[in-house]
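Going by UniProt numbering, the first residue of the sequence shown is number 1, and it counts up by one from there. Quick notes on the structure that follows.
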Amino acid sequence: MQAENISYLNQQLLTLKSSYLGQPFPSLEDRLELLNHLLNRLVESQQAFVVAADKDFNGRTDFDSQIGDILPTINGLKYQIKHLANWIRPDKRHSGIAMWPSKAWVQQVPKGVVGIIAPWNFPIQLALLPVFTALSAGNRVMLKLSEFTPHVNQEIKMLLADIKEHCVVVEGDHTIAAEFSSLTFDHLFFTGATDIGRKVMQSAANNLVPVTLELGGKSPVIVADDANIEHCAKSILLGKLTNAGQICVAPDYVLVTKKNKTALIEALKEIYISHYPNGKDDKKLSSIINEKQYARLYEILNDARDKGGVIWPEVQQENGTFLDKKAPFKMGLHLIINPTQEMTALQNEIFGPILPIIEMESVDAAIQYIELSQRPLASYVFTQSKTLQNKVGQSLRTGTLAINETILQVTIEDSPFGGVGHSGMGQYHGKEGFLTFSHGKSILASDKVARVRTSLLLKQSKLLLDPLKALFLK
Numbered sequence: 001m002q003a004e005n006i007s008y009l010n011q012q013l014l015t016l017k018s019s020y021l022g023q024p025f026p027s028l029e030d031r032l033e034l035l036n037h038l039l040n041r042l043v044e045s046q047q048a049f050v051v052a053a054d055k056d057f058n059g060r061t062d063f064d065s066q067i068g069d070i071l072p073t074i075n076g077l078k079y080q081i082k083h084l085a086n087w088i089r090p091d092k093r094h095s096g097i098a099m100w101p102s103k104a105w106v107q108q109v110p111k112g113v114v115g116i117i118a119p120w121n122f123p124i125q126l127a128l129l130p131v132f133t134a135l136s137a138g139n140r141v142m143l144k145l146s147e148f149t150p151h152v153n154q155e156i157k158m159l160l161a162d163i164k165e166h167c168v169v170v171e172g173d174h175t176i177a178a179e180f181s182s183l184t185f186d187h188l189f190f191t192g193a194t195d196i197g198r199k200v201m202q203s204a205a206n207n208l209v210p211v212t213l214e215l216g217g218k219s220p221v222i223v224a225d226d227a228n229i230e231h232c233a234k235s236i237l238l239g240k241l242t243n244a245g246q247i248c249v250a251p252d253y254v255l256v257t258k259k260n261k262t263a264l265i266e267a268l269k270e271i272y273i274s275h276y277p278n279g280k281d282d283k284k285l286s287s288i289i290n291e292k293q294y295a296r297l298y299e300i301l302n303d304a305r306d307k308g309g310v311i312w313p314e315v316q317q318e319n320g321t322f323l324d325k326k327a328p329f330k331m332g333l334h335l336i337i338n339p340t341q342e343m344t345a346l347q348n349e350i351f352g353p354i355l356p357i358i359e360m361e362s363v364d365a366a367i368q369y370i371e372l373s374q375r376p377l378a379s380y381v382f383t384q385s386k387t388l389q390n391k392v393g394q395s396l397r398t399g400t401l402a403i404n405e406t407i408l409q410v411t412i413e414d415s416p417f418g419g420v421g422h423s424g425m426g427q428y429h430g431k432e433g434f435l436t437f438s439h440g441k442s443i444l445a446s447d448k449v450a451r452v453r454t455s456l457l458l459k460q461s462k463l464l465l466d467p468l469k470a471l472f473l474k
């Protein structure tokens, strides 16, 4: 079966490579026609995607599907359509006096065939937006979808069904993903967990395939003495409870100064109860994707409780088993107060509605704490002080930073998105995404004067060397 899988994948790759060779630089008109076609299809399919996501999650709110998946994808595609003419235009460069009157420029050209591996948490946006970006850059695409979202996958396959010469869709479990990563793509784009990203990069390295890794990480929140606690609590809850916290940039833990610790905890409790009066069963909360993830989250809580952590609200169990063994797997907010470094909650990305709260002496101490940890994909700071805002912005090595907000920085299509270190490498969104999937080809064009210059260089003539020395060494 494995040989059959790799044979099928290679066959699809060869088909796409053949398509690329037939049109290695699609015209602006052809690209816009393709992107506008996909935009129209996506807008028409909105409700079908909402229904499909609800089925895959066994209960996902329309709000989460629209705000987190569909609308950002539409917005990103519209942005690409609007700006593609500028991005594709040759970028003139100075050739220098020594090369006068030759002309130099950089042309962004397609890389070829791009492989894209999509995750399950935002199965529409995180699959389609990289695909659209790669297509806008003129590439062909092979897309590997998550096995955990079969209903959304079906809608994506229907959306892309009539552009098979541009994009091929494959499905399968982790074994297919491993084989997919070993293919001889011209670029490989992966979104997912850090440990899997490491394996993807190792596989790609065997073929010297360049990679973009959009990984996870423990995204911290710093709450300073002068923070607006009510707004801070609301913003943290927005980031932690949207899509049930299954977001790579969700607040993972909070570093709060001693002055505001109690006030923040009480505000989080009060606002959560008022906005979600039915707790984990509230209709405004989406479900955890499956039992495996659900059990993993409860193990985090059990581990914290067993190691002395204070959990709000308390974890409910009967005879050591979870109360909810059948879908939908619903989980509301859980705070872990005074966690210790031995707890799983502070060691691994949580990826769910669990929030450790750690007391810090100062913002400086919080910065040091984060800098001694693995590089986060996102960081958040709540303070009115411009000095502190600048200090955090200049000190933290983080993929993105939001000041007095959480998660909303990723909605700005004109800003690049990507991690550093363990949270990833490379960026996409906006022009940076176009550049990720393009090769900036340097081009030099010379005319008749080049004949004289070349002759003098070939002869190693002082008629050329002496003027060049005078020019460069002055």
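Every residue gets a Cβ at the ideal spot worked out from N, C-alpha and C, and that includes glycine.
For the beta strand (DSSP E) containing residue i, list its first residue and its last residue.
i: T212; result: V211 to E214
i: T400; result: T400 to I403
i: W312; result: V310 to W312
i: S379; result: A378 to F382
i: S219; result: S219 to V223
i: L335; result: H334 to I337
Three-state secondary structure (DSSP) at residue i?
i: Y276; result: coil
i: V200; result: helix
i: Q12; result: helix
i: Q409; result: helix
i: W105; result: strand
i: G433; result: helix
i: L372; result: coil
i: L143; result: strand
i: H439; result: strand
i: I289; result: coil
i: E361; result: coil
i: H187; result: strand
i: V315; result: coil
i: I350; result: coil
i: T194; result: helix
i: L444; result: strand
i: S182; result: coil
i: R93; result: strand
i: G424; result: strand
i: L355; result: strand
i: T257; result: strand
i: G68; result: helix
i: D252; result: strand
i: G138; result: coil
i: F417; result: strand
i: F49; result: helix
i: F148; result: coil
i: G115; result: strand
Could you name the residues of the same chain whose beta carbon sits closer than 6 Å to that of residue i, not counting the 5 residues immediately before and after it, in chain order?
i: Q80; result: S136
i: E165; result: S19
i: S287; result: F57, N58, G59, P328, F329 and K330
i: D173; result: E147
i: P313; result: none
i: T400; result: A378 and Q409
What residue range is occupied by the uninterrupted alpha helix (DSSP H) comprising residue i?
i: C248; result: That residue, C248, is in no alpha helix (DSSP H); it is neither H nor E in DSSP.
i: Q394; result: K386 to S395
i: W120; result: First-last for W120: undefined, no H or E at that position.
i: H83; result: L71 to I88
i: K234; result: I229 to L241
Report all residues from its chain with a CB closer than 8 Å to the CB of residue i; omit the five preceding and five following residues, and keep chain order.
i: L444; result: S95, M99, S102, K103 and A104
i: residue 475; result: No answer is possible for residue 475: it lies beyond the span of the chain, which begins at 1 and ends at 474.
i: T321; result: Residue placement at T321 is poorly supported in this model, since its pLDDT is 48, which falls under 50; the coordinates are not used for a value here.
i: V106; result: P90, D91, R93, G440, K441, S442 and I443
i: S45; result: E155, M158 and L159
Spatial neighbours of residue i within its chain, please: CB distance less than 7 Å, with the 5 preceding and 5 following residues excluded, ordered by chain position.
i: V169; result: L143, L145, I156, K157 and L160
i: H151; result: A52, K55 and D56
i: Q384; result: D226
i: L463; result: L456
Assuming the contact rule is C-beta atoms closer than 8 Å, residue i and residue j should be a hit. Round their C-beta distance to whole Å, please.
i: P353; j: L241; result: 6 Å
Practice problem: Check whether the region 212–222 touches the region 188–196, taking contact to mean three or more Cβ pairs, one atom from each stretch, closer than 8 Å. | Solution: Output reads yes: the region 188–196 touches the region 212–222.
Quiz item: Do the region 245–252 and the region 400–411 make contact, defined as three or more Cβ pairs closer than 8 Å?
Solution: Enough Cβ pairs lie closer than 8 Å, so yes.
Practice problem: State whether the region 259–279 contacts the region 291–300, with contact taken as three or more CB pairs (one from each stretch) at a distance under 8 Å. | Solution: Judged by Cβ distances under 8 Å, the region 259–279 makes no contact with the region 291–300, as fewer than three pairs qualify.
Quiz item: Would you say the region 119–127 touches the region 23–36, given that touching needs at least three Cβ pairs under 8 Å?
Solution: The region 119–127 is not in contact with the region 23–36.
Exercise. Would you check if the region 197–210 and the region 382–396 touch, i.e. whether three or more CB-CB distances between them fall below 8 Å?
Key: With a cut-off of 8 Å on Cβ pairs, the region 382–396 is not in contact with the region 197–210, counting fewer than three such pairs.
Quiz item: How do the region 354–366 and the region 336–344 stand: do at least 3 beta-carbon pairs fall below 8 Å, yes or no?
Solution: In short, these stretches touch, since the Cβ pair count reaches three.
Self-check item: contact_flag[the region 416–424, the region 73–87] where n(CB pairs < 8 Å) is 3 or more
Solution: No: the two stretches stay apart, fewer than three of their Cβ pairs being nearer than 8 Å.
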